[in-house]
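I have placed the structure first, in the form of structure tokens, so that the comments after it can refer back to it.
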């Protein structure tokens, strides 16, 4: 025995990526020639496999490996013939991750990197627009003129520890819903700022 855990060769269900529900809330407020509109995206429930954190953990790059200098004993029993009996021998072999590279590779369990019941509130976009008064346009060939500024992916409030909970690690070509709920090096959606001018002739 080495003091490391043995991997179960059998597949098990370790998570469900389907949310309990998803909601979208859109509204527009108008005051004289100004209008403010926004879109909120709300999700409740659903699990996400944080493969990015799993990779970082295996390679000693995660903050979860900062205690690698500390000696510890992996919880479990020894495979000495008594492991399936009523009195198995408890593991008592100390290991030190910093000098035993295989600790984070053989001891990393996929299920430990499935984050449960992920929720989020995301402001997808917000737009402020100004409609030019028709009196100003009366002597021109323009019937309507408005200026607007739009910001996308303004903010997100979530209990997910990764970069972005709305991840898709692969794509729909893999079958089913694709890689939704799988975070493999996915970067977060960038914030955008757009300025625009609408002209009606």
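Residue numbers (this note's numbering): 2 to 202.
The beta carbon of each residue, even a glycine, is placed where N, CA and C say it ideally should be.
Would you kindly report the start and end of the unbroken alpha helix (DSSP H) that includes residue 55? Per DSSP, the unbroken alpha helix (DSSP H) holding residue 55 starts and ends at 52 to 59.
message: How far does the beta strand (DSSP E) with residue 44 in it extend, from its first residue to its last?
response: From DSSP, the beta strand (DSSP E) with residue 44 extends over 35 to 45.
For residue 72 and residue 192, what's the separation of their Cα atoms in angstroms? If you take the alpha carbons of residue 72 and residue 192, they lie about 43 Å apart.
Coarse secondary structure for residue 134, derived from DSSP in three states: In the structure shown, residue 134 adopts coil according to DSSP, grouped into three states.
- prompt: Could you give the distance in angstroms between the alpha-carbon of residue 160 and the alpha-carbon of residue 46?
  reply: Rounded to whole angstroms, residue 160 and residue 46 show a C-alpha spacing of 10 Å.
* Starting from residue 161 and walking both ways along the alpha helix (DSSP H), at which residues does that stretch end? -> Following the DSSP letters along the chain, one finds residue 161 in no alpha helix (DSSP H), marked with neither H nor E.
Q | Assigned exposure category for residue 12 - 16 Cβ within 10 Å defines buried | A | The residue is exposed, with fewer than 16 neighbouring Cβ atoms inside 10 Å.
Excluding the 5 residues flanking residue 85 on each side, which residues of the same chain have their C-beta closer than 7 Å to its C-beta? Counting only Cβ-Cβ distances below 7 Å, and skipping sequence neighbours, we find nothing.
Residue 148 to residue 64 span [Cα, whole Å]:
So the two alpha carbons sit approximately 46 Å from each other.
- Item | Cα-Cα separation, residue 154 to residue 108 | Cα to Cα, residue 154 sits roughly 37 Å from residue 108.
- Task: Leaving aside the five residues before and after residue 150 along the sequence, list all residues of the same chain whose C-beta is less than 6 Å from its C-beta, in chain order.
- Result: Around residue 150, the same chain offers 129, 196 as residues with beta carbons nearer than 6 Å, after the five sequence neighbours per side are excluded.
Can you have a look at residue 168 and say buried or exposed, based on whether 16 or more other CB atoms are within 10 angstroms of its CB? Buried is the call here.
Is residue 59 near residue 78, with beta carbons less than 8 Å apart?
No, Cβ-Cβ distance for residue 59 and residue 78 is not below 8 Å.
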